[in-house]
Structure formats: C-alpha cells, structure tokens
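S.K.: Dropping a structure here in structure tokens format, bear with me for questions.
Protein chains in written order, with our numbering: chain A, 161 to 602; chain B, 80 to 369; chain C, 94 to 423.
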C-alpha cells in the first residue's frame with residue numbers, strides 16, 4: 161500500500177495540471193450546430209502565417225464573412241504550434257487552428273487535441289472524393305479525421321534546361337539510373353577537385369532532399385500494417401540508401417560537405433539551383449514562385465521525380481504534404497468554426513484564390529481544374545502529380561516525427577561511411593524508432 | 080578591516096597599471112581590436128537592414144542600393160508604437176517589481192544571519208536550474224485558469240514576486256560590501272530596513288544598476304514569454320514579438336527583420352548609455368551617514 | 094528558526110538592551126518580511142512546476158490527456174535505450190566545460206581592459222556591450238551568415254591572410270560547437286559589465302597598500318583583485334554553468350539556419366544539424382516533449398537534468414567558497 165500511495169499523493173499535487181488537461185474535452189461528441197443567421201458570433205483563427213501570406217489568408221476570410229455576415233472572423237498570425245497546444249492545455253484555444261506541422265497530425269488526432277470532424281462531414285454530406293487520396297491520408301489518423309487540407313505542397317524534379325541543353329540532353333530523367341547518369345555528366349569539378357556544378361546533391365537534408373520526399377520513388381514505406389517501423393523490412397529503403405551512397409561516393413564525401421556548406425540558403429536568392437550550381441533537385445511547387453521572384457531569367461523545367469528502375473509503373477508520382485486546418489479541443493464556437501473550415505477547404509473559389517495568393521497546390525479536384533487557377537507550365541507539373549493515382553504522403557502517425565528524425569540521423573551516418581553494415585544499421589534504426597514510439601501517449 | 084573613507088576623487092587615478100605611454104598604447108590597441116570584433120557583426124546586421132529584399136543573403140555584403148525606406152516599411156507593416164508601449168510596460172513594471180522584492184530578499188540572504196540561510200541560497204540557485212521550456216506547461220495552465228492569458232500580467236507578476244537571477248546577482252554584490260559599514264550603522268541604532276536603505280543601497284549601486292539593466296533588457300528581448308502569454312492578442316504584443324511578423328511560411332524578409340531588430344535595439348542602447356552613469360557614480364560613494 | 098543579528102564583536106554593547114527572546118522574534122519577523130514575496134514566488138514558480146514535472150516523469154503522457162503511471166520506465170529508457178540522449182548529454186557537457194571557462198575568462202579579460210583604460214572608457218564600454226543587446230535569434234542569424242564558409246566575410250578574411258582551407262564553422266560537426274561558443278562570447282557583455290562593476294568596487298586603498306608592499310601586477314591581481322571580486326566571480330561561474338546547461342535557442346536556430354532552412358523560432362526541421370553536433374540536452378528534451386508528444390519522457394529528462402545540474406552547482410559553490418577563503422564568508 162505504501163508504494164501505491166505515493167503516486168496518488170503526487171497526483172494531488174499535480175492536480176491542477178491534470179484537471180486542466182481533462183476539462184477541455186467538451187464538444188468532442190457530436191457536431192455543434194451552425195449559428196442561426198441572426199446570431200452574431202466571433203470566430204478566432206490562429207495561423208503561423210505572417211505578412212504577405214497572412215494578408216492572402218485574410219482576403220479569403222473576408223470572402224467568408226461576406227457570405228456569413230453574422231460570423232465575424234478574428235485572424236491572428238504568427239501563432240506557432242507550441243502556442244496553439246499550450247492554449248489547448250490551458251482551455252483558451254482558438255476556434256480554428258491552422259498548422260504547417262503535418263508531421264504532428266497523428267498526435268493531434270490521437271490525443272484529441274484537434275476535434276474529430278467526422279460528425280460534421282457526415283451531417284453536411286461533404287464529398288471527400290474531391291480530395292486526392294494521399295491528401296486525405298495525411299489529414300486523418302486511423303479513421304479519425306481531425307483536420308482538413310488547406311492547400312498542399314507537392315514535390316517533383318526541378319532541372320536546369322540550359323545545363324541540359326549544353327550537354328545535349330533533351331528530356332528530364334524518368335528513372336533513377338538515368339538521373340545518376342545525367343547527374344554525373346552534368347557535374348563539373350574545379351581544377352583543385354572541388355565541385356563547381358553538381359548534377360544532383362545526394363546529401364540528406366540538403367534543401368528538400370529529405371527521406372520523406374525521396375522515399376515514394378522507391379515505394380519505401382515507413383510502417384508495417386501493425387504500425388511498427390518498416391525501415392528494416394521494406395526493401396525500398398535499402399535501395400534508396402544504396403542509390404544515395406553511390407552518388408556520394410562519386411562526388412566524395414568531403415567535397416560534397418564543402419559544396420553544400422556554401423550552397424546558399426534554401427529560400428533566398430543565392431539558392432544553388434537558382435544560381436545554376438545545381439542541375440537537378442527535388443523541391444516543392446512553391447519553388448516556382450521563388451524562381452520568378454529571384455531568378456526570373458533562369459531557364460528551368462519541372463517534371464515528376466524519377467522512380468526506381470524496378471518500379472517504372474510508379475512514374476508520375478510524388479510526395480505530398482501540406483497545411484492543415486482544424487478545430488481545437490475547447491473551441492468556443494465549434495459550429496461556426498466548422499462553417500469557416502468547410503468554406504476554406506471545399507469552396508472552389510476560396511481555394512483558388514488562396515492558391516493564387518500563396519502559390520501552393522489546391523486540394524480539391526474542382527479547384528485543381530479551375531480555369532481561374534494561375535498555373536504556368538512549370539506549376540502545372542505539380543497539379544498533375546497531385547492528381548496521379550500513386551501520389552504518396554507520409555502516414556499520419558503519432559510517431560512519424562521521431563521516425564523521420566532518426567532516419568535522417570541514420571542517413572547522414574550511412575552516407576558519411578560510419579555504418580559498416582547497412583542491414584544491421586537499418587535493423588537498429590527500426591528498433592530505435594519502435595523504442596521511442598513506446599514512450600508516447602497511445 | 081577598517082579602511083579610511085573619503086578621498087573619492089583619487090580612486091580612478093589610483094587604479095593599477097601605472098601610467099606609462101607604452102601601457103596606454105598597449106591597452107588601447109587591445110581595446111580597439113576587441114571593439115572591431117564586437118562591432119563587425121553588428122555592422123553586417125545594419126548593412127543587411129538597408130539592402131533590397133533580393134540582395135539579402137546574396138554574396139554581396141555591401142548594399143547595392145541603400146534602401147533607407149526599409150525602416151519606414153517596418154513602421155508601415157506593424158503598429159510599432161503600440162508594441163513599444165507594451166514593451167515599456169512589461170520591462171518597466173518587471174524591473175521595478177524585481178527591484179522592490181529582490182533587493183530585500185538578497186539583503187536577507189547576504190547580510191542578515193539566520194538559520195537556514197545557506198539552504199535558502201541553494202534554493203535560489205536551484206530555482207534557476209529548471210529548464211524553462213518544461214516549466215512553461217504547468218505555468219501556462221495556472222495562468223489560463225486565472226484568466227490572465229492574452230495579457231502582460233503572466234509576464235510581469237513573476238517579477239513582482241522576486242526574480243531568482245536578480246536575487247542571486249544582488250546577493251553576490253552585497254557580499255562584496257565590507258560588513259563593517261553595516262555594523263557601524265547598527266551601532267548607531269539603525270533598523271535593518273534603514274541599514275539596507277542608507278548603507279547597502281548607496282554602496283551597491285553599480286550592482287543594483289546592473290541587475291536592473293539586465294532585468295530590463297532580458298524582458299525587452301524576451302520572445303517566447305510574450306508569444307506564449309500575450310501572442311493571441313495583438314493589443315498586448317511587444318516589440319520583440321513584432322520581429323516574428325516578418326517571417327513567412329517559406330521565406331523570411333531578412334532586410335526588414337534586421338531593420339526591425341535595430342529599431343528594437345535602439346531604446347535598449349539609449350537606456351544603456353544612461354545606465355552607464357550609475358556604474359561610474361557608484362564607485363564614488365562617500366561613506367556612511369546616519 | 095533561531096536568528097541572531099550579525100554584528101562585529103566590538104559593537105555588542107551598543108544596541109538598546111532588548112530582552113533576548115523578543116529581539117530574536119523581531120529579527121525573525123524582519124527576515125520573513127524581507128523574504129515574503131520571494132517565498133511566494135518560489136512556491137508558485139519553482140515548487141509547483143517541479144512537483145508537476147517529477148510526477149509526470151513517472152508517467153506515460155502526451156501532455157493533453159490523463160497520464161498513465163509507468164514507474165521508472167522513462168528513466169530506464171533514458172539511461173539505457175536512447176543513443177540520441179547520450180549525444181545530447183555529451184554536447185551539453187562540452188558546452189558546460191568549454192563555454193563556462195571561456196566565458197568567465199573572456200568577460201574578466203575584457204572587463205580588465207576596460208578598467209585599465211584612461212580615455213574613451215564610456216565609448217569602449219558601450220561598444221563591448223552592444224552585442225549583448227541584440228535579440229538572440231537575430232544575433233545567431235548574423236553570426237551564421239558572417240561565418241558562412243563559402244561566402245561569409247570571416248572566411249574571406251582568413252583566406253586573405255593566407256589560410257587556404259578555413260574551417261566550415263557552423264556547417265562542420267567538429268566546428269559547430271566552437272562556433273556557437275564564439276557567438277556566446279560575442280554577446281557576453283552582460284557578465285563583463287557585472288565583473289567590471291565589481292572591479293571598480295575594489296577599494297583603491299587595497300591596491301595602494303599592496304603597491305607599498307612592492308607587489309607586482311600579477312601579485313596584486315592574485316591577492317587583491319581576485320579575493321575582492323570572488324563573490325561576483327562565483328556568480329559569473331554559476332551563471333555561465335546554468336546558461337550552458339540550458340543552452341537552447343542559439344543552438345536550435347544556429348543549426349537550422351546553417352543547414353540552409355530558414356526556419357526561425359523553435360520550429361526547426363534540422364534540429365542538431367550538422368550530425369547532431371548542436372543537439373543540446375534541453376533541445377532534445379524539447380523535441381521529445383513538444384515535437385514527439387512524449388511529455389512523460391521529457392519530464393524524466395528534465396528531472397534528471399535538474400538533479401545533475403543541482404548537484405554540480407552545489408559542489409561548485411562549495412569548492413569555490415573554500416578556495417576563495419574569506420571572500421564569500423565575510
């Protein structure tokens with residue numbers, strides 16, 4: 161008895177905390193009714209947008225207010241996820257939360273931090289088939305839809321047409337072995353051996369060269385059906401790491417390190433691709449906006465990223481992620497909040513206007529095909545990828561964020577030559593991911 | 080130790096080191112070298128602040144065109160004056176509250192003798208050791224239950240209840256003051272309060288000025304505190320929070336961020352120039368009266 | 094609590110002869126009165142969060158739902174099953190040893206230079222202190238760009254003076270922590286000002302007496318300056334140790350920006366970049382608690398960090414006190 165009482169005593173001491181944690185759950189059961197048209201309500205919207213992007217969002221929110229004059233919207237920018245989470249813990253959450261942390265959706269759904277939108281979708285008969293399957297996947301967790309997609313980021317190949325033309329290459333690679341081949345041909349070394357122009361940089365975490373964005377092209381999965389890590393069992397990972405290593409060995413690890421260290425910031429004018437120092441890279445559709453802002457004269461093209469030679473049927477696929485929007489636990493006007501979420505994520509005009517403002521890919525089929533969507537040839541590659549039946553996304557899982565971190569760490573060590581045996585290394589990695597997952601809530 | 084008091088004017092000239100020209104040159108050369116080292120990054124920040132958006136983060140360090148209007152743009156983008164008011168309120172109240180409550184506590188921990196004093200000192204040190212990121216979770220819930228989130232009070236009230244960093248700093252400064260002065264005052268029949276007020280305060284002025292300055296500047300530059308507690312209501316935003324509003328989803332407007340940074344630093348620099356004087360004055364105390 | 098008024102023996106006859114008990118009781122009240130607000134603050138802002146954290150360290154918790162008691166499991170994983178935590182602990186230990194030493198020595202050095210200046214004191218003091226006024230995030234950004242191995246002016250300067258392959262600074266796992274240390278030294282003006290204030294407080298008479306005894310500069314520093322400023326130096330050391338133990342913002346922002354991702358604030362994709370060399374213990378704790386929702390585990394990390402740092406600090410204070418002799422006990 162002595163041992164069982166200590167936790168109880170401590171629980172009393174921490175009671176304030178626990179109590180606060182459990183009281184915010186109101187409103188989780190069914191769908192709150194929409195406000196009557198004569199009922200004046202205010203809905204607070206928190207996002208981590210700022211400046212120009214916040215203004216673009218607010219224009220669309222004005223459109224919502226025009227449709228629902230009784231619902232006043234209070235939009236606050238620069239609110240990050242930690243801030244939103246603290247407010248959920250404290251019971252002071254906003255009515256609508258917008259987050260960039262798609263990695264954490266599994267946690268938001270499984271913990272109930274964001275409310276289940278299922279009852280609303282059912283009540284209002286929202287047609288989810290409008291949303292590409294991969295995009296639907298990353299906004300729900302084990303059948304609980306606690307968020308809606310608010311524009312997507314879709315990843316594909318960017319290539320420098322001028323460098324391609326100089327080498328007499330007429331079309332972008334379709335398979336990874338073609339990519340390797342072209343990368344080697346386009347690479348230029350300085351007399352001292354350092355890299356002047358890199359065909360393709362195989363360093364993990366260089367710009368968007370991340371495991372999540374790359375994996376779909378080997379069809380590598382993060383999890384087995386039972387939810388445990390598939391890093392050791394899915395052959396796609398081994399193929400991917402082997403492929404990366406071959407290119408790293410071609411360049412030389414130290415030369416690559418030197419090159420990436422001086423490659424310029426990802427989202428600025430001196431980005432190495434925009435400067436013509438990198439011939440090919442994997443990046444999101446938003447890069448088109450940066451190129452036209454910083455390097456309007458760059459002759460570049462976009463295409464689906466090449467796929468493994470053994471999986472050519474996948475060609476045309478890509479990785480998708482995006483901004484998510486939901487109703488936090490403890491929202492005061494959940495009914496009105498849902499009206500706003502529904503408008504932002506299913507109304508074609510709203511999505512197109514937001515997409516034109518933020519330069520991200522719309523998340524419904526109607527909006528993707530809307531004539532009002534401003535999409536040049538390079539941007540259209542991404543709207544096409546996003547309609548591909550094989551479009552991939554990371555599984556929503558409470559353990560995804562840590563799995564990605566450990567995989568990136570491992571990839572760095574492997575590419576540095578610090579892992580002797582790839583199979584053993586991957587087995588240890590899978591165990592590390594599963595061990596860490598066991599620490600979590602549920 | 081009974082030192083003769085008075086002759087304050089002689090203090091500076093009697094500093095160690097002698098007065099040879101060679102020594103003068105050596106010390107000043109070191110000072111200039113150090114000064115350049117300290118200034119270079121600031122100069123870089125200032126140059127970035129007047130660059131065009133395109134030029135920031137390119138390889139060029141010297142602005143191609145001098146865009147002084149960046150500063151005006153900062154003001155146009157955010158209601159800086161309202162933020163300035165909040166920053167002054169937060170930092171001012173916090174500093175005043177800290178002084179009011181931390182000075183007596185530091186005095187009790189350094190110059191009063193009581194059982195448990197050593198333990199209390201270690202408690203002060205322990206209080207500084209909890210990582211703030213974790214403590215924020217229970218504390219946010221506390222403030223939310225009190226209905227004070229969205230205001231500056233969750234930031235100010237902790238300072239009204241004694242800031243541990245300042246208590247520690249002040250205690251150490253009080254310890255450098257020879258005990259004899261306070262004893263002499265007690266002999267004259269002063270209460271502890273009067274000893275603190277008339278003896279310790281004037282003598283520990285540099286220390287107190289330093290503690291006040293750091294409290295002010297820490298709160299002035301505090302970003303996570305205002306974001307957490309005041310961030311949801313722009314009416315409560317501070318200047319340091321405004322820095323975040325030049326950041327987008329995929330890009331940061333470095334030139335405006337740096338321009339705003341300099342604008343945020345400016346009042347702090349002015350304050351420091353004033354506070355310097357008390358460091359200088361603090362060394363010319365004239366002894367104990369009353 | 095028995096309290097006695099601290100006073101010199103010679104003064105014992107002077108105070109009005111109050112009954113001993115009453116005097117003691119009154120003194121107790123005085124102490125209590127001086128400490129009252131701080132005591133309240135101690136309870137609210139230290140005891141309450143500490144108790145909550147220790148409680149959660151024995152649970153499996155996401156920080157949102159009722160926790161589930163798991164006993165020592167979090168501690169077992171922390172000590173035996175988390176290789177990243179070991180790396181993070183090493184990085185923090187590195188910062189504690191290197192940053193603490195250099196910060197105190199550097200601040201003492203710059204303060205001594207200022208104390209010896211005959212002219213332009215105010216100007217130099219301001220210049221030396223200016224970097225400490227820069228908001229940490231902005232200061233880190235400026236530093237990462239200055240030390241950019243390819244285009245930054247620092248390496249351009251190093252090449253100009255004939256160093257052919259200057260370090261990669263923030264982009265090289267071996268140089269990332271030294272780079273962060275440089276950044277922290279650059280904005281260590283706060284400690285410099287504190288030490289300067291203490292240096293200027295040393296009674297001149299002591300130097301004069303030492304000079305009469307024929308003491309050289311080193312001897313004067315060792316026997317006059319050092320003992321006189323010992324309490325403030327102790328503050329500097331303890332303050333630097335705490336700063337290193339809690340080193341977070343600059344490490345996270347520096348790593349993220351140097352990796353090429355321009356994500357400011359706590360949201361870093363590339364935490365610990367390059368190769369976890371900038372992953373400090375608090376950064377990993379934060380990552381586990383807030384990114385991975387392992388609040389119980391983060392609480393265990395927090396508790397362990399607290400216990401270890403408290404033990405270190407107590408030992409440190411004890412040793413410095415005995416080394417400084419009378420400096421602290423006076």
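Even for Gly, the Cβ is constructed at its ideal location relative to N, Cα and C. These numbers come from a predicted model, not from an experiment.
With 9 Å as the threshold, decide whether the Cβ of residue 241 of chain B is near any Cβ in chain C.
M.R.: Yes, its Cβ sits closer than 9 Å to a Cβ of chain C.
S.K.: Could you spell out the range, first to last residue, of the alpha helix (DSSP H) harbouring residue 590 of chain A?
M.R.: 582–597
S.K.: How would you list, in chain order, the residues of chain A whose beta-carbon sits under 9 Å from the beta-carbon of residue 324 of chain B?
M.R.: 210, 211, 214, 237, 238
S.K.: Looking at the secondary structure, which residues open and close the beta strand (DSSP E) in which residue 313 of chain A lies?
M.R.: 308–320
S.K.: Along chain A, in chain order, which residues have C-beta atoms closer than 9 Å to that of residue 304 of chain B?
M.R.: Those within 9 Å of residue 304 of chain B in chain A number zero; the least Cβ separation is about 12 Å.
S.K.: Identify which residue in A/371, A/485, A/466, A/453 has its Cα closest to the Cα of residue 209 of chain A.
M.R.: A/485
S.K.: Could you name the residues of chain B that residue 249 of chain A contacts, counting a contact when the two beta carbons are closer than 9 Å?
M.R.: 216, 219, 220, 223
S.K.: Check whether chain A comes within 9 Å of residue 318 of chain B, counting only Cβ atoms and requiring the distance to be less than that.
M.R.: no
S.K.: How many Å lie between residue 208 of chain B and residue 349 of chain B at the Cα?
M.R.: About 32 Å.
S.K.: For residue 406 of chain C, collect the residues of the same chain with a Cβ closer than 8 Å to its Cβ; drop the 5 residues on either side in sequence, then sort them by chain order.
M.R.: Around residue 406 of chain C, the same chain offers 331, 334, 335 as residues with beta carbons nearer than 8 Å, after the five sequence neighbours per side are excluded.
S.K.: CB of residue 402 of chain C to nearest heavy atom of the ligand MG: below 8 Å?
M.R.: Because no ligand of any kind appears in the structure shown, any question about the ligand MG cannot be addressed here.
S.K.: Starting from the C-beta of residue 451 of chain A, find all residues in its chain whose C-beta is less than 7 Å away, skip the five residues before and the five after it, and write them out in chain order.
M.R.: Taken in chain order, the residues that qualify are 434, 458, 460.
S.K.: For residue 151 of chain C, tell me which candidate among C/312, C/366, C/164, C/179 has the shortest Cα-Cα distance.
M.R.: C/164
S.K.: Residues in the same chain with beta-carbon distance under 7 Å from residue 308 of chain B, minus the five sequence neighbours each way, listed in chain order, please.
M.R.: Taking C-beta separations shorter than 7 Å and ignoring five residues to either side along the sequence, the partners of residue 308 of chain B in its chain run 222, 228, 233, 234, following chain order.
S.K.: Given a threshold of 16 other Cβ atoms within 10 Å of its Cβ, counted over all protein chains shown, does residue 155 of chain C qualify as buried or as exposed?
M.R.: Buried is the label assigned to residue 155 of chain C, since at least 16 other Cβ atoms lie within 10 Å of its Cβ.
S.K.: So which residues of chain B does residue 161 of chain C contact, with C-beta pairs closer than 9 Å?
M.R.: Near residue 161 of chain C there are no residues of chain B at all, since even the closest Cβ is about 17 Å away, more than 9 Å.
S.K.: List the endpoints of the continuous beta strand (DSSP E) containing residue 87 of chain C.
M.R.: In the structure displayed, chain C extends from 94 to 423; residue 87 of chain C sits before or after that span and is not available.
S.K.: Could you pull out every residue in the same chain whose Cβ sits closer than 6 Å to the Cβ of residue 181 of chain A, ignoring the five residues on either side in sequence?
M.R.: Confidence at residue 181 of chain A is low in this model, with a pLDDT of 43, below 50, so the placement of that residue should be treated as unreliable; the coordinate-derived value is given next. So the list is empty, once near-sequence residues are dropped.
S.K.: Can you give me the C-alpha to C-alpha distance between residue 347 of chain B and residue 126 of chain C, rounded to a whole angstrom?
M.R.: 34 Å
S.K.: Taking CB distances under 9 Å as the criterion, tell me whether residue 153 of chain B reaches chain C.
M.R.: no
S.K.: Got a sec: is the Cβ-Cβ distance from residue 157 of chain C to anything in chain A below 9 Å?
M.R.: yes
S.K.: Here's the rule I'm using: 16 or more other beta-carbon atoms within 10 Å means buried, otherwise exposed. How should residue 404 of chain C be labelled?
M.R.: exposed
S.K.: Which residues of the region 548–572 of chain A have a Cβ closer than 7 Å to any Cβ of chain C? Give them in chain order.
M.R.: The residues in question are 558, 561, 562, 569, 572.
S.K.: Going by the DSSP bridge assignment, what does residue 480 of chain A pair with across the sheet?
M.R.: A/314
S.K.: At the 9 Å Cβ level, is residue 267 of chain A part of the contact set with chain B, yes or no?
M.R.: Not an interface residue.
S.K.: Using Cβ-Cβ distances below 8 Å, what residues of the region 251–281 of chain C are close to chain B?
M.R.: 279
S.K.: Count the other CB atoms, across all protein chains shown, that sit within 10 Å of the CB of residue 285 of chain A; report buried if there are 16 or more and exposed otherwise.
M.R.: exposed
S.K.: Looking at the C-beta of residue 381 of chain C, does it have a partner C-beta in chain A at a distance below 9 Å?
M.R.: yes
S.K.: I need the boundaries of the beta strand (DSSP E) containing residue 314 of chain B, first residue and last residue.
M.R.: Run containing residue 314 of chain B: none; DSSP gives neither H nor E here.
S.K.: From this set, A/508, A/524, A/467, which residue's C-alpha is nearest residue 482 of chain A's C-alpha?
M.R.: A/524
S.K.: Spell out a yes or no on whether the region 334–352 of chain A and the region 565–578 of chain A are touching, meaning 3 or more CB-CB pairs, one atom from each, closer than 8 Å.
M.R.: no
S.K.: Please classify residue 419 of chain C as buried or exposed, where buried requires at least 16 neighbouring CB atoms within 10 angstroms.
M.R.: Because the pLDDT at residue 419 of chain C is just 46, under 50, the model does not fix this residue reliably, and the value given afterwards should be weighed accordingly. That one is exposed.
S.K.: Looking at the secondary structure, which residues open and close the beta strand (DSSP E) in which residue 238 of chain C lies?
M.R.: Per DSSP, residue 238 of chain C belongs to no beta strand (DSSP E); it is in the alpha helix (DSSP H), 229–239.
S.K.: Based on DSSP bridge pairs, tell me the residues matched to residue 463 of chain A.
M.R.: A/317
S.K.: Given that a residue counts as buried once 16 or more other Cβ atoms are within 10 Å of its Cβ, and exposed if not, what is residue 502 of chain A?
M.R.: buried
S.K.: Using 9 Å as the threshold, is the C-beta distance between residue 444 of chain A and residue 319 of chain A below it?
M.R.: no
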